[in-house]
Structures are given as C-alpha cells and as structure tokens.
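Reading through the structure tokens given below for one structure.
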Amino acid sequence: MHFIESLNKRYASKQMNGKKVSPEKVTTILESIRLAPTSLGLQPFKVLVVESQELKDKIFEKAAQGQPQIPNSSQVLVFACYKSITTEILDEYTQRIVTQRPTLPLAKVTAYRQMIDKSLNRPDKENFNWAARQAYIALGFALTAAAVEQVDSVPIEGYNPAALDELLGLEDKNLGSVCMMAIGYRDEATDYNATLPKVRKNKTELFDFL
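FYI, in this note's numbering the residues of the sequence shown are 842 to 1051.
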C-alpha cells in the first residue's frame, strides 16, 4: 500500500475488536519507536508494552474509563518520561556512544557530554516537559508505522496520569506517563469513526511557502 494511502486510511480507532496484532507487526512498530529521532539522541523515555489482558482491564477501570479501546486492544503502549535526568542516565548514554561509535575520538565524546550537561542544567520539570516532546516524536513514528503495517491505532491523552503511574509503579522507576497508544484492529460494527471521512485543512490553508 502506498505511504500516503496508508495515512489516508488511518484514523483514531474508537472501538477495537480484540484481534491480536502479529508479533512481526508489533516488532516493526516498536522498532520505529527505537529508531525515532530525539533531541541530543538521548531517548529520555521508556515505553511499557502492556500485553496482559488483566492489566489492560485495570488501566481501563482505574485510569482511563473513557477509553474503551484499551481493554479490546492487542497492546497498549505507555510512553513514560524520566522525571529526573540523572547522572547515571547520562553516564549510560555516554558509554553507549563510546561502545556503538568506537571510531569517534574520545575528546569529541567528552565535549558532547559537557554540552549535554549544560543543556540539561535546569529544573526537573523543564526537563520532563522537554522529554515529553521527544516521546511525542516517537509516538508519531509509531502511529505512522502502524498505518503502514495496516494496524489500527489511537493516541490517548484522556486518562488520569496519577492513577496510571500508581498502577504501573512508575514513581519508583523515576518515570511519569505522558501518553498512551493502543494498537489493534477496528470494530467497524460499533466504531462510528470508521466510516467517516477525514477532516483536515487543505494545502492552501495549511502551508505557507516563503
């Protein structure tokens, strides 16, 4: 399927039918997240892949009662950002650079680390908001990958972050959730959104060429 055709077909699924997404397609969607660009290359977040039906049901019950896709999805991806970007996190990243780019001079790695330290020398709340923007870039890649794989999806912000974080024990992991994404397959019999045309600005309204 052509890329733009795939994007035209995708929409925010309001109801899913419980059908499982193949492991190969799930792997592709997760790999798109892993390969997504982030500022500084830091990937200041983790993605929790919820497959347990019991846990999906609990998320729906305790944190997202307005999101019926969750219990009927194949997986729910929880994007959670670091609440504090610690020295340990930055040390691990620096070592990853050294390991995966062995030809890079150590002086360049050291200078890059100093630049990162300077860039992130600000309150944790500011860094968390910055990290959330990086997570949303990855979310966009995941939504696009799902469309290409002909898997239905929906980004979810309408939930109780405090309740979800408590349920998943994120506070103890130095994490806070910023959004979720449910993947699966649309229930065309009950999803009113499945047959509606997209509502988008036209090219003239959206783009200004300067």
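Backbone N, C-alpha and C define an ideal beta-carbon position, used for all residues, glycine too.
Using a threshold of 8 Å, state whether the C-beta atoms of residue i and residue j are closer than that.
{"i": "residue 973", "j": "residue 1019", "result": "yes"}
{"i": "residue 918", "j": "residue 888", "result": "yes"}
{"i": "residue 897", "j": "residue 1026", "result": "no"}
{"i": "residue 1017", "j": "residue 1032", "result": "no"}
{"i": "residue 855", "j": "residue 1043", "result": "no"}
{"i": "residue 877", "j": "residue 982", "result": "yes"}
{"i": "residue 996", "j": "residue 980", "result": "yes"}
{"i": "residue 819", "j": "residue 868", "result": "Beyond the ends of the chain as shown, which are 842 and 1051, falls residue 819; an answer cannot be given."}
Let's see if you can read the secondary structure: which residues bound the alpha helix (DSSP H) around residue i?
{"i": "residue 866", "result": "864 to 876"}
{"i": "residue 848", "result": "844 to 850"}
Any heavy atom of the ligand GDP closer than 7 Å to the Cβ of residue i?
{"i": "residue 955", "result": "Annotation note on the ligand GDP: not contained in the displayed structure, which lists no ligands."}
Looking at the secondary structure, which residues open and close the beta strand (DSSP E) in which residue i lies?
{"i": "residue 921", "result": "916 to 923"}
{"i": "residue 889", "result": "886 to 891"}
Three-state secondary structure (DSSP) at residue i?
{"i": "residue 993", "result": "strand"}
{"i": "residue 907", "result": "coil"}
{"i": "residue 900", "result": "helix"}
{"i": "residue 930", "result": "helix"}
{"i": "residue 1040", "result": "coil"}
{"i": "residue 1030", "result": "coil"}
{"i": "residue 859", "result": "coil"}
Buried or exposed, going by whether 16 or more other CB atoms sit within 10 Å of the CB of residue i?
{"i": "residue 883", "result": "buried"}
{"i": "residue 901", "result": "buried"}
{"i": "residue 1049", "result": "exposed"}
{"i": "residue 936", "result": "exposed"}
{"i": "residue 885", "result": "buried"}
{"i": "residue 956", "result": "exposed"}
{"i": "residue 1028", "result": "buried"}
{"i": "residue 990", "result": "buried"}
{"i": "residue 844", "result": "exposed"}
{"i": "residue 851", "result": "buried"}
Inset, instruction - Run through the region 934 to 1022 for me and flag every whole beta strand (DSSP E) of 3 or more residues, listed as ranges in chain order. - result: For the region 934 to 1022, whole beta strand (DSSP E) runs of length 3 or above, ordered along the chain, are 993 to 997.
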